[in-house]
Amino acid sequence: MFFLNQHLVYSASDLSIAVDCQYQSLFLLDVRLERREKPDAVTDEMLHRTAVLGDVHEHRVLDQLVQRYGEYNPQTGTGVKKFTDRPEMTEQSLRRAHEQTLAVLRSGADVIFQATFFDGSFVGFADFLVRQEDGSWAVWDTKLARHARVSALLQVAAYADQMMAEGIEVHPHTTLVLGDGTHSSHRIDEILPVFRAQRDHFLSMVREHQASGQPVAWDSDQLRLCGRCSLCAEQVEQTRDLLLVAGMSMAQREKLRRQGISTIDQLAALEPDPKTSLARAVEQARMQVGADPLATTIQNVSYRVKSDQTITSLPNPDQGDIFFDFEGDPLYQEPLDDSWGLEYLFGVIENDTGKPVFRPFWAHSRAGERRAFLDFIEYVEQRRRRFPGMKIYHYAAYEKSALRKLSQVHIAGEDEVDQWLRENLLIDLYDTVRNSLVVSTRSYSIKKLEPLYMGEHLRSGDVTDAGASVVAYAQYMQARDSGADAEAQQVLDSIADYNEYDCLSTLRLRDWLLSLVDFQPHTLIPDSAVPEAVEEYEPAPEELRLQEYLAALPEGEALGADDRAIAMVAAATGYNRREKKQYWWDHFDRLSKNMDEWADVRGVFMVDSAQVLEDWHKPTPRARTVTRISRLHGTLAEGSLLSPGSGVFAMFAGPLPEGMEVDDKALRGGAFNATVVEVGEGWITIAEKTSGKIPEYGAFPVALTPDKPIATKSIDEALAQLAIAVGSTVPVLPQQPGIDILRRIPPRLKTLAAPVEPAVVDGSAQVYQAVVRTLQDLDNSYLAVQGPPGTGKTFVASHVIRELVDAGWKIGVVAQSHAVVENVLRKAISAGVDPDLVAKEVKHKDPVPWHGTDKEDLERVLSGRDGALIGGTAWTMTGSRVPAGSLDLLVIDEAGQFSLANTLAVSRAARNLLLLGDPQQLPQVTQGSHPQPVDESALGWLSNGRPVLPRELGYFLAASWRMHPALCAKVSALSYDHQLFSAQAAGQRSLAGSAAGVETRLVEHRGNTVSSAEEAAEIVALVREHLGMQWSPGQNAASRTLAASDILVVAAYNAQVNMVREVLESEGLGDVRVGTVDKFQGQEAPVVLMSMACSSAADAARGIDFLLNRNRVNVAISRGQWKAVIVRSDRLTDYLPSSPAALSQLGAFMAL
1 MFFLNQHLVY SASDLSIAVD CQYQSLFLLD VRLERREKPD AVTDEMLHRT
51 AVLGDVHEHR VLDQLVQRYG EYNPQTGTGV KKFTDRPEMT EQSLRRAHEQ
101 TLAVLRSGAD VIFQATFFDG SFVGFADFLV RQEDGSWAVW DTKLARHARV
151 SALLQVAAYA DQMMAEGIEV HPHTTLVLGD GTHSSHRIDE ILPVFRAQRD
201 HFLSMVREHQ ASGQPVAWDS DQLRLCGRCS LCAEQVEQTR DLLLVAGMSM
251 AQREKLRRQG ISTIDQLAAL EPDPKTSLAR AVEQARMQVG ADPLATTIQN
301 VSYRVKSDQT ITSLPNPDQG DIFFDFEGDP LYQEPLDDSW GLEYLFGVIE
351 NDTGKPVFRP FWAHSRAGER RAFLDFIEYV EQRRRRFPGM KIYHYAAYEK
401 SALRKLSQVH IAGEDEVDQW LRENLLIDLY DTVRNSLVVS TRSYSIKKLE
451 PLYMGEHLRS GDVTDAGASV VAYAQYMQAR DSGADAEAQQ VLDSIADYNE
501 YDCLSTLRLR DWLLSLVDFQ PHTLIPDSAV PEAVEEYEPA PEELRLQEYL
551 AALPEGEALG ADDRAIAMVA AATGYNRREK KQYWWDHFDR LSKNMDEWAD
601 VRGVFMVDSA QVLEDWHKPT PRARTVTRIS RLHGTLAEGS LLSPGSGVFA
651 MFAGPLPEGM EVDDKALRGG AFNATVVEVG EGWITIAEKT SGKIPEYGAF
701 PVALTPDKPI ATKSIDEALA QLAIAVGSTV PVLPQQPGID ILRRIPPRLK
751 TLAAPVEPAV VDGSAQVYQA VVRTLQDLDN SYLAVQGPPG TGKTFVASHV
801 IRELVDAGWK IGVVAQSHAV VENVLRKAIS AGVDPDLVAK EVKHKDPVPW
851 HGTDKEDLER VLSGRDGALI GGTAWTMTGS RVPAGSLDLL VIDEAGQFSL
901 ANTLAVSRAA RNLLLLGDPQ QLPQVTQGSH PQPVDESALG WLSNGRPVLP
951 RELGYFLAAS WRMHPALCAK VSALSYDHQL FSAQAAGQRS LAGSAAGVET
1001 RLVEHRGNTV SSAEEAAEIV ALVREHLGMQ WSPGQNAASR TLAASDILVV
1051 AAYNAQVNMV REVLESEGLG DVRVGTVDKF QGQEAPVVLM SMACSSAADA
1101 ARGIDFLLNR NRVNVAISRG QWKAVIVRSD RLTDYLPSSP AALSQLGAFM
1151 AL
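Residue 383 in full-length UniProt numbering sits at position 383 of the sequence shown, and the numbers go up by one each step.
Here's what the structure looks like:
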């Protein structure tokens, strides 16, 4: 930023600074206002080099565009117009350059290079403006990076905003030309809301600060601070701020400041209740201010060993021990498949002879990563044979989690890694340090601990931390790609030096820790109590043939569609095995980790208090075990769906009830002996059972966690059979519906050229008739139907089923849940399917309209001469009662949440598949990491990231019968690329005195995470505001006054559900429906109120991405028939996301 004639001029980069740290932004403004001295400039050689290479990249793109379009010809308005001379930073010069840009935009060119925009306040220089076929202009920007950055997107949004202000038509998509030549496309309408909001906030802040006449004060609760930049760091030290305390978050800081505690010294002076999170913070603060009387000091770092230390639990040192550290780049993008992240160095130090030896395993591509991983595994296995008692020491959890992920992503070393984890081969010294020591440093990173044990041999060199290693690796790739081999090798050498020091530091830390206590040699018991995650599995020869075929493909080449399908079939065979392994890994992590680390994991219920409703008793006279019924009060993690009948793991803290011990390393134990009886708001009733191993006990669980995975034998066998079929013909692929989906080819038809176009009658598309005709022409293939909210997806399904059953077809319906399947069967019977031809096993006691409710009825209706309709889950459709190929059609409902692996498994049952669903609603939930995206939903895979299903693959139900046009337009922009429209009947509704659409009510609050009393009060006010309004449902229905039951409240968190319900009930408004978005999928109401509860992105308990998830917001507001009101804090959207996808999500939410 700078001043022209006493008027501030800013750029997009100034906005980025202000969003991240308002203090830094205003400090720099103070420098321009001469209220402060200019801080010393720091030369960043990497930034300088990047800028030089960026200019080279920009001119390379320019040369390509000139070659394509030619030089500029003002007479024809074609070619590339180049503004090569940057204007002087004077008002006259900038305005002249701006007008020259507009003149070319209006007179014509194919491309404009270095266009100037200046409106008196904003200044910017666009790399490229490219004219499109429709006459609009697309903003292009060149970036040396291999991935799009948010700062670059803010820049292009600024240029688009400038053009729009001048009446220039802007293309809806902007393009970033990245350093590897790829083009990254982004929707302008999802970036502009963020840019404009941040611009307005910035200008308002600047005006207020200029008017104040004073330099910015850092110690202010009115400013957003990053706490990380050099300017903040200086103030943290000077003011003795709470951020000096190790582990202090901005949210914790704000909470303490509201209690009048603003310095580390004030925190250290508190006398908190023992064994609380506050007590741990006070203990840390006391150590850091030198107030711990038991502290020992080495090289200006103090420490104390805790009385309950875990150092004595470390294994005995062994001659074969190795000390391990990864170097990884999370922003690496593999050019062959666009996958993210690369572990580029596996570093190990061995100390057999007492003299440390460093062994690096390098990887510079995804294929190289696999080789390095396998080499590392072979190295460790050979070493274990030589030194059976060896361990692998590392610092922090990354190494363990990375090894797990690598074994799954590369379908390699899975058994070895699983065995290492089961046998406690990997030893995390970070856990030992955090459980055993209090240290006076602001961080417990290994770098900060090194003065305690590294003596005079402290870090030096070009790379001194993990962030610098990532930057250096990017520098290596730039040097390598530009042919500077010597420079590239020099950078690799510096990274290796850093990694070697990390490994050596881990060795010295282990030895130092053992010196702190009276360590006695002992035997570390393996996790023998840990059950095998999966059954032993021996792949068939055909499956091995798939792996061999894939391994023989040329390295460094992207997989073609058919080879990708083969790779996905191979990956699918281990899908459930990987999912189960991930479950058991997570399960035993929960038993040994601090409960705070996993309290917000989906499916977890943290218990605060408990009461016995029925003590131990025999539930029936002949029962062999006794049962206890208890009500547990506490907090259910967001996004969890526990229902009566669900099994859970009951976790206990020590002393454990008899029979619930797991292993010596675990802090807690428990049993899979509990079943959910009832779920309320803030409480769960469970039934616990004894067993031969577990007698009656008096303790209550401290948490309920997810049940163990159920057996998937029939599903796995179906996937193995498919792999055998594919393996017997590779590289030729069989004509099979599941394979067609993997290949993303259009449905294979016998006589038709494409899916039948729906006829239009009275303005409405007759979709189900077209679907029937297309299905009748399918040739062992699939058809997809995407049905957004309220578009009649179930109507289409039920009528298609009726038509085809009447024609003698055997049809199955499968989905993730029995409830979804049973809903389709009910609708099909209502549409005219004979109930005698319908079969589905029913285990509940609710009445159903079909007659075949036992397993045997499936076989009965399928063997009949007439058409038939059966239903079930994936276990049914892969079971023995539904023979392979016995169905003419299998309907997969909610295919936007049905995994590709399960789709392949159930496809064995039918000649053809019909996929119904919407990938833009609640997503498929999986746990494991997979080498191919077989965990993605079937419809999501076919859509390939596009919001609307491609026309050649099936049908998009474009007419919403639920939402008024004003509301539908917002949902359409949010999730369906403006292609969803309101049916005529939906536009006939009205709510007198209230505008249709989406409204936002801003409520002032701060520091709220999962509940907000302020928003709950606003919800009550909104309910009262709408009650009694005249509601006309349309379609000849009589108008009536709006009742409490006509209003639906969707809260983002369970805690807010509880608060809102309590407040509504206290106000006599208990008939208002309240729940999370997971509860209300499929429901509707005239008015929907959505409470976000969280005050800001920094306060978001599960992260702001969960809160603003486009699919969840879509499901919430699309419940409305007339309107949706979003109740939120104005600070909730005042942040800058770290990724382009998150930026688009934020912009889409703000555009509502």
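Note that the Cβ used here is the ideal one computed from N, Cα and C, for glycine as well.
A quick note: this is a predicted structure, and the numbers were derived from the prediction, not measured.
Minimum C-alpha distance to residue i - residue among the options
i	options	result
Pro1086	Gln489, Gln1030 and Lys843	Gln1030
Pro706	Ala1101, Leu642 and Ala488	Leu642
Val601	Gln920, Val1113 and Asp586	Asp586
Arg1001	Leu991, Val1125 and Gln408	Val1125
Ala765	Val61, Ala1038 and Val796	Val796
Val814	Ala895, Leu752, Pro789 and Pro847	Ala895
His1005	Arg1131, Val439 and Ser975	Arg1131
Trp961	Ala1055, Gly787 and Asp834	Gly787
Tyr782	Leu426, Ala152 and Ala910	Ala910
Leu33	Gly167, Gly213 and Val170	Gly213
Trp683	Leu869, Ser630 and Leu550	Ser630
Straight-line Cα distance separating residue j from residue i
i	j	result
Ala533	Asn1058	Any reading at Ala533 must be qualified, since the residue scores a pLDDT of 42, below 50, and its modelled position is unreliable; the value itself is stated next. Their Cα atoms are separated by approximately 37 Å.
Leu8	Gln1145	31 Å
Ile686	Val1003	38 Å
Ala268	Gln238	17 Å
Glu658	Pro695	7 Å
Gln6	Ala1052	46 Å
Ile566	Arg743	9 Å
Gln921	Glu822	20 Å
Val767	Pro746	18 Å
Val282	Asn1111	41 Å
Leu458	Glu450	7 Å
Leu345	Thr729	38 Å
Val1060	Lys82	59 Å
Asn1008	Ser1096	8 Å
Ala1142	Gly135	30 Å
Pro531	Glu661	Any reading at Pro531 must be qualified, since the residue scores a pLDDT of 46, below 50, and its modelled position is unreliable; no value is offered.
Gly928	Glu88	56 Å
Ala529	Lys581	No answer about Ala529 holds up, because its pLDDT of 39 lies below 50 and its placement is not dependable.
N- and C-terminal bounds of the alpha helix (DSSP H) containing residue i
i	result
Gly247	Run containing Gly247: none; DSSP gives neither H nor E here.
Phe1106	Ile1104 to Leu1107
Tyr583	Tyr575 to Ser592
Gln319	Where Gln319 is concerned, there is no enclosing alpha helix (DSSP H), given that its DSSP letter is neither H nor E.
Thr116	Element bounds for Thr116: not the alpha helix (DSSP H) but the beta strand (DSSP E), Val111 to Phe118.
Val104	Glu91 to Ser107
First through last residue of the beta strand (DSSP E) which encompasses residue i
i	result
Ser262	Counting along the chain, Ser262 falls outside any beta strand (DSSP E), and DSSP gives it neither H nor E.
Lys810	Lys810 to Val814
Lys1123	Gly1120 to Arg1128
Ile411	Ile411 -> no beta strand (DSSP E), and no H or E assigned at all.
Ser302	Val301 to Val305
Ser185	His183 to Arg187
Ala687	Trp683 to Lys689
Arg1073	Arg1073 to Gly1075
Gln766	Ser764 to Gln766
Bridge partners - residue i, DSSP secondary structure assignment
i	result
Val150	Per DSSP, none; premise fails for Val150.
Thr296	Tyr303
Met1090	Val1050 and Ile1126
Cutoff 8 Å: residue i Cβ touching any chain D Cβ
i	result
Gln736	The structure shown has no chain D; it contains just one protein chain.
Integer-rounded CB distance, given that residue j should sit under 8 Å from residue i
i	j	result
Arg359	Gly320	About 13 Å; that fails the 8 Å criterion.
Met568	Gln932	4 Å
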